[in-house]
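Structure, as structure tokens:
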Amino acid sequence: TWKILIADDNAQNLELIEDYLAGINCEILKSVDGEETLAQVAKEHPDLILLDVMMPKVSGFEVCRQLKAN
299 TWKILIADDN AQNLELIEDY LAGINCEILK SVDGEETLAQ VAKEHPDLIL
349 LDVMMPKVSG FEVCRQLKAN
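Count along the sequence shown from 1, add 298, and you get the number used in our numbering.
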């Protein structure tokens, strides 16, 4: 089973993307800001991250920088 992390501070976007993914066999993880996204990645090791770039605390761009540096 694939783990897919959806990172977005907009609840409607999270729900919409989750609905799109409902038809495939995957575990869906969600986060609402950059800090939570980094914590989820460290804990859950998702196979795919769908990342919003404009998020509070840590932007999606900074999340990408930190993940690439790791």
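Ideal Cβ placement from N, Cα and C applies to all residues, glycine included.
Cβ neighbours of aspartate 306 in the same chain (closer than 6 Å, five flanking residues each side left out): Within the same chain, and ignoring the five residues on either side of aspartate 306 in sequence, the residues whose Cβ sits closer than 6 Å to its Cβ are Leu312, Asp350.
Among Met353, Ile347, Lys355, the one whose alpha carbon lies nearest that of lysine 366: Measuring from the Cα of lysine 366, the nearest candidate turns out to be Ile347.
Integer-rounded CB distance, given that leucine 319 should sit under 8 Å from isoleucine 302: Indeed, because the Cβ distance is near 6 Å, the residues count as touching under 8 Å.
Buried versus exposed call for threonine 386 [16 or more other C-beta atoms within 10 Å across all chains shown]: The requested residue 386 is not part of the displayed model; the chain covers only 299 to 368.
For glutamate 313, the residue or residues it bridges with in DSSP: For glutamate 313, which the question treats as bridged, DSSP gives no partner whatsoever.
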